[in-house]
Structure formats: structure tokens, C-alpha cells
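Participant: Numbering of the sequence shown is given in this note's numbering, commencing with residue 84 and proceeding in unit increments. We put the beta carbon where it would ideally sit given N, CA and C, even for glycine.
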Amino acid sequence: MNHAARPVPRLLILGGTTEARRLAADLVASPLAPQVTTSLAGRVAAPRLPAGDVRIGGFGGPEGLARWLCEHAVDALIDATHPFAGTISHNAAEAAATAHVPLLAVRRPGWVPGPGDDWHQVASLDEAAAALPDLGNRVFLTTGRMGLAH
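1. Which runs of the beta strand (DSSP E) at least 3 residues long sit entirely within the region 164-220? Give them in chain order.
2. Using a 10 Å radius around the Cβ and a threshold of 16 neighbouring Cβ atoms, would you call residue 184 buried or exposed?
3. What's the C-alpha gap between residue 199 and residue 181?
4. Assuming residue 188 contacts residue 172 (C-beta within less than 8 Å), just tell me the rounded distance between them.
5. Report yes or no: do three or more beta-carbon pairs, one from the region 92-106 and one from the region 143-161, lie closer than 8 Å?
6. Buried or exposed for residue 165, going by 16 or more other Cβ atoms inside 10 Å?
7. Taking the alpha-carbon positions, what's the residue 84 to residue 119 distance?
8. Within this structure, are the beta carbons of residue 132 and residue 175 separated by less than 8 Å?
9. Taking residue 121 and residue 103 to be in contact with their CB atoms under 8 Å, please state how far apart those CB atoms are, rounded to whole angstroms.
10. Which residue comes first and which comes last in the alpha helix (DSSP H) that contains residue 128?
11. Reducing DSSP to helix, strand and coil, say where residue 103 ends up.
12. Is residue 139 buried or exposed, if buried means 16 or more other CB atoms sit within 10 Å of its CB?
13. Please say whether residue 91 and residue 117 have beta carbons closer to each other than 8 Å?
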């Protein structure tokens, strides 16, 4: 079978996670040889760069992302962002629909309490900060690094 006439698939990965880096490396090394671009938000000073092309910075909301998808003739959008990055995931879904580009969302399995766990759920970072003094000397927070200033 002659694959010479088949166009190279163009993929955009919304990354910044270990899963996104692994996916980019696997895709770049695959026999399909797609053109892989991974987009990073630009919030980390020295990010670990994935294989393939890298784009750093925002798109300007769902409209900007949809425009980028069309201008770069992207064949598929892959959302492999952090589980707490809800805004970009929402923007990705809206942009993919607008640009008529298939969207694949890579999701980590959620954590579930286990025997002996002592979880304290709060509704905001301010509530988490207020609860800390009552929880003892050793606390494991899953707020993400962006909430550490609280």
C-alpha cells in the first residue's frame, strides 16, 4: 500500500502534564509520524518541553483557539491539561466545536478516599487556609501550586 499521498495528520496537544509529554513523545515516534504541536500555558519559568513542536502562551479564549485550529489546519485537538485547569478544557470543547475539529480529552482517574484516610473538603482556597491551623502539623494539600500564596 502506498502512503505517499496521505497528508500528515496535524495534532495540537494542550499540555503541561506528564501525560501530555508522554503522549507527545509516543506520537512523534509513531509510524503515523503526525505533526505534533504541544501548547503550554507559560506559567512555568523553565518547563520540561515535550517532543515535537512547542507553543507557549494563551490563545485568547475559545475564539482564539478556534482560529488557531483553523489557521494551522489541525486535524485533532487533544486536551491533556491538568485536572484543575477547567477554563482551558471548557475553551477546548467550545473551540473544537466551532472549528469542527475532533476533541480527545485525556483525564486522570480521580482520587477516592481509602481506609484510614481523613479527608477534609472545602469549597475554596480561603476555606482551606482557614482550616489548616486545626489540622495539626502535617497536612497534605491538593490545591495545585497556583494556590500556594493563600
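Facilitator: In short, the structure shows the following:
1. 186-188
2. By one-based count along the sequence shown, residue 184 stands at place 101. Under this definition residue 184 is a buried residue.
3. Residue 199 sits at position 116 when you count from the first residue of the sequence shown. Residue 181 sits at position 98 when you count from the first residue of the sequence shown. Those two C-alpha atoms are separated by around 47 Å.
4. Numbered from its first residue, the sequence shown carries residue 188 at position 105. Numbered from its first residue, the sequence shown carries residue 172 at position 89. Their Cβ separation, rounded to whole angstroms, is 7 Å, which keeps residue 188 and residue 172 in contact under 8 Å.
5. yes
6. Walking along the sequence shown from the start, residue 165 turns up at place 82. Buried, by the Cβ-count rule.
7. Residue 84 sits at position 1 when you count from the first residue of the sequence shown. Residue 119 sits at position 36 when you count from the first residue of the sequence shown. Low per-residue confidence applies at residue 84: pLDDT is 44, beneath 50, and the placement is therefore not dependable enough to give any value.
8. By one-based count along the sequence shown, residue 132 stands at place 49. By one-based count along the sequence shown, residue 175 stands at place 92. Not closer than 8 Å, so no.
9. For this step, residue 121 is matched to residue 38 along the sequence shown. For this step, residue 103 is matched to residue 20 along the sequence shown. With 8 Å as the limit, residue 121 and residue 103 qualify as a contact, their Cβ atoms being about 6 Å apart.
10. Indexing the sequence shown from 1 puts residue 128 at position 45. No alpha helix (DSSP H) holds residue 128; DSSP gives it neither H nor E.
11. Here residue 103 refers to the residue found at position 20 when the sequence shown is read from its first residue. DSSP places residue 103 in helix when its eight states are reduced to three.
12. The residue you call residue 139 lines up with position 56 of the sequence shown. Exposed.
13. Numbered from 1 along the sequence shown, position 34 holds the residue referred to as residue 117. Numbered from 1 along the sequence shown, position 8 holds the residue referred to as residue 91. Yes, the Cβ-Cβ distance between residue 117 and residue 91 is below 8 Å.
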